[in-house]
Every structure is written in structure tokens, then in C-alpha cells.
Amino acid sequence: FAAISRVTDAYRAARVARGAARIDLPEVSIRVIDGEVEIRPLPKLASRDMVTDAMLMAGEAAARFAAANGIVIPYAMQPRPDEVRQPQGMAEMVAYRRLFKPSRASLEPEPHFGLGLDIYARATSPLRRYADLVVHQQLRAFVLDRPTLNADEVLQRTAGLDSAGAAIRRAERQSNLHWKLVHLSRNPTWQGEAVVVALEERRAMIIVPELALETGIRISPDFALEQTLRIAVREVDLPAQSAYFRVLD
12 FAAISRVTDA YRAARVARGA ARIDLPEVSI RVIDGEVEIR PLPKLASRDM VTDAMLMAGE
72 AAARFAAANG IVIPYAMQPR PDEVRQPQGM AEMVAYRRLF KPSRASLEPE PHFGLGLDIY
132 ARATSPLRRY ADLVVHQQLR AFVLDRPTLN ADEVLQRTAG LDSAGAAIRR AERQSNLHWK
192 LVHLSRNPTW QGEAVVVALE ERRAMIIVPE LALETGIRIS PDFALEQTLR IAVREVDLPA
252 QSAYFRVLD
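Numbering (our numbering), first residue to last: 12 to 260.
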């Protein structure tokens, strides 16, 4: 573990030096077992960081190999935001995330700003992402000295992946939100902590860490960014996919 960790730590440091953004917001695991909703916060583990960077290393290696050998694959790229920051705290991370431009597929290698990589391809999940499968098929054909797909053929296979991926991510977010709201509706006396991450004219945006829930709350003059509030659930509207909270004294 220690030897691999040293390699991935150095790789992560190099990505950060190239501007990689570390958006480290709360995450949870959601499971429904026998009709009961189980929400478990995901701990910040060094092993998770190690696996993430090992996967990024594999994706970069696949992309570099393909580019060096003229193999057409769907690379992943992300444009640079208009302003580059190194956010500290959840409020700054949420604000910075709003500046990000969507990542997209490209048949030409281009930098992926958010990852801090000059070249990258998603290649580690061929069972759940079709673009990864195409990368595997192209690399396998090359190493076996078989014909690879040309640019038109790869484009034909991967056209629409960006919009399909966005739709899948949106469906996943909505599904996760639904089960979080179901959990709250079944626990009407729920109380917990929230962190103020944005201040708007009439409401504040908060994150509830134990639920990884981002929502709004009626603003108060004494609210400040990064302030921790004690809140209680006031109402849950499942059809509207909304939860309403009140601040406890």
C-alpha cells in the first residue's frame, strides 16, 4: 500500500500543480434494503484518493499510447474556466464549481482542466461506460495487429455520448435526491447540521453534510458563509422534489 500511495500522491501533487481542482464536498452512499432507506456518509479515506489517482493514471496512459500510435479514441477534455482558483472550504468549492465548463468527448487529444491533465481518456469502466469500451476495443485491436476503427467509425459509435452522459448524471442526481427526501419524510423529527455555502437575496444555499444534500433556506441577516447551522426538517414535498428546513435556536 505504501509504495503505491507514494506514486499516486506524487501524481496527485503534479496534477494540482497544473491547476487540478479539488472539489471535496460531502458524499454519501444510498441503499434501499427491504424498503428502508440507508444513507451512509462516505469517509475521507486515503485509499479512495489512491484508487482515484490510479484510475486517472490508467486513463492518461491509455490516451498517451493511443495518441503516440495514431489510434483514434474518444478522449475526454474540459475547457479552462474563465477564472482559476484554489478553493478552501465548502462555500468556495461550490462557487468554483459553478465556473466549470462541461467536459466533453473529442477525437483529438486536448487538456482536461479539472483533472489537471494534458491528455486523458476514460478507460477504466468498460462495463458501465460505452466510451471506455470503445477505447478498450481500439487498443486491443492495435496490440493484436488487427484493423482499428477510423475517425468516422469512432464518431458514429460515440455520437451523442455527451448528451447521454448528461442525461444519466441528471437521472442519478434526481434518484439520489428522491431517496434522501423519502428518508426525511419518514423521519419528520430529523435534526442535523448544515453549512452555509452561498448567500442570495432572499435565501441561503446550504449543504447538509450527513445527507450530502444541497438546498435552500430562508435567509437571516446574521448568516455568514461557512457558518454551521442547526436545522430541523419542516416539510418534505416529494412530487416537487423539495425539502424545507427551519433553523433551530
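By construction, the Cβ of each residue, glycine as well, lies at the ideal position given by its N, Cα and C atoms.
- The C-beta of aspartate 143 has 16 or more other C-beta atoms within 10 Å across all chains shown, which makes the residue buried.
- In the same chain as serine 16, and ignoring 5 residues on each side of it, the C-beta atoms closer than 7 Å to its own belong to Ala57, Met61, in chain order.
- Comparing alpha-carbon positions, the option among Arg91, Arg241, Val105 lying closest to leucine 210 turns out to be Val105.
- Glycine 70 places its beta carbon less than 7 Å from that of tyrosine 131.
- The beta carbon of glutamate 38 is closer than 6 Å to those of Leu53, Ala223 in its chain, skipping five residues each way along the sequence.
- Considering only Ala116, Val18, Phe111, Gly46, the residue with the shortest C-alpha distance to glycine 125 is Phe111.
- Selection Ala72, Leu67, Gln202 evaluated against arginine 257 yields Gln202 as nearest (Cα-Cα).
- Taking C-beta atoms under 8 Å as the contact rule, alanine 73 and leucine 150 qualify, at a distance of about 6 Å.
- Taking C-beta atoms under 8 Å as the contact rule, valine 206 and methionine 101 qualify, at a distance of about 5 Å.
- Exposure of leucine 138 is indicated by the presence of fewer than 16 other C-beta atoms within 10 angstroms of its C-beta.
- Counting of Cβ neighbours within 10 angstroms places valine 244 among the buried residues, the total reaching 16 or more.
- Residue burial is scored here from C-beta neighbours: aspartate 64 has at least 16 other C-beta atoms within 10 angstroms and is therefore classed as buried.
- Tyrosine 255 carries a strand assignment under DSSP once its states are collapsed to helix, strand and coil.
- Contact between the segment 174-183 and the segment 150-163 is absent, with fewer than three C-beta pairs closer than 8 Å.
- With respect to the 7 Å criterion, glycine 127 and arginine 26 are classified as neighbours on the basis of their beta carbons.
- Going by beta carbons, valine 146 and isoleucine 84 fall inside the 7 Å limit.
- The beta carbon of serine 253 lies closer than 8 Å to those of Leu192, Thr226, Val247 in the same chain, with the five residues before and after it left out.
- DSSP places arginine 213 outside both helix and strand once states are collapsed to three, so it counts as coil.
- Per the coordinates, the alpha-carbon of leucine 67 lies some 34 Å from the alpha-carbon of threonine 239.
- For glutamine 238, the three-state secondary structure derived from DSSP is coil.
- If you check the CB distance, arginine 23 and alanine 87 do not come in under 7 Å.
- DSSP lists Val39 as the beta-bridge partner residues of proline 52.
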